Every structure is written in C-alpha cells, then in structure tokens.
Amino acid sequence: MSLSLMSVKLQALGEIVRPSNVALFFLSILLGAFVTAGVEAFREAKVWWAALSGTLVGAAANVINDVMDIEIDRINKPKRPLARGALTAKEARWYWLALSALGILAAMCISTLHLMIAIGATTVLYGYSAWFKHIALLGNIVVSAIVSLGLMYAPLAIGHLHDVWFPVMFCFFFNLGREILKDLEDTEGDKAGGANTLPIKIGTVKTLYIISVIYIGVVLLSLLPYLQGIYSKWYLTTVIFTTDAIVLYTVVRAWQVQTKENFYKLNSLLKWAMLTGIIAIALGQVP
549 MSLSLMSVKL QALGEIVRPS NVALFFLSIL LGAFVTAGVE AFREAKVWWA
599 ALSGTLVGAA ANVINDVMDI EIDRINKPKR PLARGALTAK EARWYWLALS
649 ALGILAAMCI STLHLMIAIG ATTVLYGYSA WFKHIALLGN IVVSAIVSLG
699 LMYAPLAIGH LHDVWFPVMF CFFFNLGREI LKDLEDTEGD KAGGANTLPI
749 KIGTVKTLYI ISVIYIGVVL LSLLPYLQGI YSKWYLTTVI FTTDAIVLYT
799 VVRAWQVQTK ENFYKLNSLL KWAMLTGIIA IALGQVP
C-alpha cells in the first residue's frame, strides 16, 4: 500500500466514526460522573474506563451505520467514506469489529455489569443500523435511549446515580428531536432505500409539528432544574442564551425553509446546542 493510499485510508477511518459526535458522547459520559460526584469523580479510574468504553462502542455504531447505509448515502451523503469509495464495506466491518471489541474489553476493566451493558449496547446499536432505524419513530427512540443512558454509564461505575436523571431526560428528548430532523434531511435517500421513517410515513409538515412539540418541551424542561433549586443561576443563564436559543431558532428555521440543505445546517447547529447544554449543566454545579 502506497503512502498516499494509506493516508486516504487513515483519513477515512477517522471520518467514518464522526469525530464531533464521538467527542460529544465522551463529554456526556464524563458529565454524568461530574453531576453525581463532582470533580472527585475524575480521580476514579473507572470513570475514565467508562468514558473510553462508551466512546468506542459509540464510534463502532457510527461505522456499522455507514456500512448498512452505503446505497442510501450515495444519495443522501455522497461524500461519506464508504459512499465515495475511500473505504470498502469489508474494511469498515473489520473496523467496527475492532472498535466494538476494544469497547467491550474496556468495560471488563470496570465491572461485570458494565461488560453486559457494553455487549447489550453493541447488539442493540447493530440492530438499530440493520433494522430499527428504518421503522418510523422506533429507530429514533432506540438510539436516543442508548445515547441518553450513556450519561449513567460512568456514575454506575462509582455507585452514584443520584442527580443524573435530569441530564438523562434532557439528552433523550433533545436527541429524539434531532434524530427525527435527520430523517427529514435524509428523506430522498431513505425513500430510494425502502425505509419507512417518520417523514416518509406522515409527511414533512406533520413531522415538523412533532419536532416542534418535542423541542418546545425540551426548552420548558430545561427550566425545571433551576426552578427546583437543583442547578445554579449559571446554568439558567447559559442554557437560555445558548442551548434554548439554538433549539428555538432551529424550530422556526425548519418551518421557514423546508429543504434538505437547510435541515442539514440545522442538524449541524444542534451539535453546538448539545455542547452548550453540557457546559450549562456543568456550570449548574457551581453555586
């Protein structure tokens, strides 16, 4: 293999895991530990093993998702590594297997329960990519549940699950809205691939109503921790002027411009809202 080809392969291996998504997942797992045990949590090796394990399993899920969606991505996302031919499906499957195995091995360094969770999550996420994601709403719920429960992965390692319920609920509904919006973006390719996602089943307008209800609910939910005295004013200020502002802008803009290109831009913008949400919850622990 020439150096130029090796460079192309390495770039593709990095790209296929969706680095920004993986980074957000890593931070979310650490956030769960921080919310429940403060900075002391970061002195626990198990917390870092949990972050590594969960991130590797999540990265593997992104790889197998691309493998299952090669033909659909040729329409929806032709610049993805598999769709453009930078990697073969066989190479990607071996990569998925390696990442999954490493994630499961890392879980073995935590506990038997974490080992079982890692194996279960890997199995469910494979099922999501192969079958569930093409079933209206079911796939959206499954992946949102796995992502949000990742916030409990590190706290479970150190025996602290209190105070993590709000971040879990917030993450679930935030991701649910984003997953449905991603389906709107991918409607053209999903139709060609025979998928039966929510936008295909009920249409764009009704799907936008559902997204709007979910995200208005997310904004209202975001106020509860402050109103109940759980998080500080730093949380409220940050979440209102960053996360909530982006979410409400996304809802308005999605109605105004109902195109694939706009839905893509809004989905990318929501990643920043996820990051600011993580920062807001972390700041909420400051008196």
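Residues 549 to 835 (my numbering) are what the sequence shown spells out, left to right.
All C-beta atoms, glycine included, are put in the ideal place defined by N, C-alpha and C.
Since the structure is predicted, the reported quantities are computational estimates derived from the model, not experimental observations.
Note to self: Looking at L578: is its Cβ nearer than 9 Å to the Cβ of L823?
What the structure shows: Contact: no.
Check: Beta-carbon separation of T745 and D734 under 9 Å?
Finding: Going by C-beta atoms, T745 is nearer than 9 Å to D734.
Next item on the list: Compute the distance between the beta-carbons of K739 and I748, then report whether it is under 9 Å.
Entry: Going by C-beta atoms, K739 is nearer than 9 Å to I748.
Margin query: Considering Cα atoms alone, identify which of I788, K819, W782, V690 is closest to Q833.
Written below: It is W782 whose Cα lies nearest to the Cα of Q833.
Notebook entry, point to check: For G606, is the classification buried or exposed, using 16 other Cβ atoms within 10 angstroms of its Cβ as the cut-off for buried?
Noted result: With 16 or more other Cβ atoms within 10 Å, it is buried.
Checklist line | Cβ pair S601, I652 closer than 9 Å | finding: Their beta carbons are under 9 Å apart, which means S601 touches I652 by this criterion.
Notebook entry, point to check: Taking the alpha-carbon positions, what's the N810 to A802 distance?
Noted result: Roughly 7 Å between the two C-alpha positions.
Note to self: Can you give me the C-alpha to C-alpha distance between L686 and V799, rounded to a whole angstrom?
What the structure shows: Roughly 22 Å separates the two Cα atoms.
Next item on the list: Write down every uninterrupted run of the beta strand (DSSP E) in the stretch 699 to 728 whose length is 3 residues or greater and which is fully enclosed by it, in chain order.
Entry: You should have found no qualifying run.
Note to self: Do A702 and V587 have their beta-carbon atoms positioned less than 9 Å apart in this structure?
What the structure shows: A distance of 9 Å or more separates the beta carbons of V587 and A702.
Checklist line | Which of helix, strand or coil DSSP assigns to I683 | finding: Reduced to three states, the DSSP call for I683 is strand.
Item checked: For A589 and A581, believed in contact at Cβ under 8 Å, the rounded distance -> About 4 Å separates the two Cβ atoms, so the contact holds.
Next item on the list: Go through the stretch 622 to 657 residue by residue and report every complete run of the beta strand (DSSP E) that reaches 3 residues or more, in order.
Entry: Positions of the beta strand (DSSP E) runs, each at least 3 residues long and wholly inside the stretch 622 to 657, cannot be given because no such run exists.
Check: For F714, which residues from the same chain have a beta carbon less than 6 Å from its beta carbon, with the 5 sequence-adjacent residues on both sides left out?
Finding: These residues qualify, in order along the chain: P773.
Next item on the list: For A640, collect the residues of the same chain with a Cβ closer than 7 Å to its Cβ; drop the 5 residues on either side in sequence, then sort them by chain order.
Entry: Excluding sequence neighbours, A640 sits near I564, V611, D614, V615, L630.
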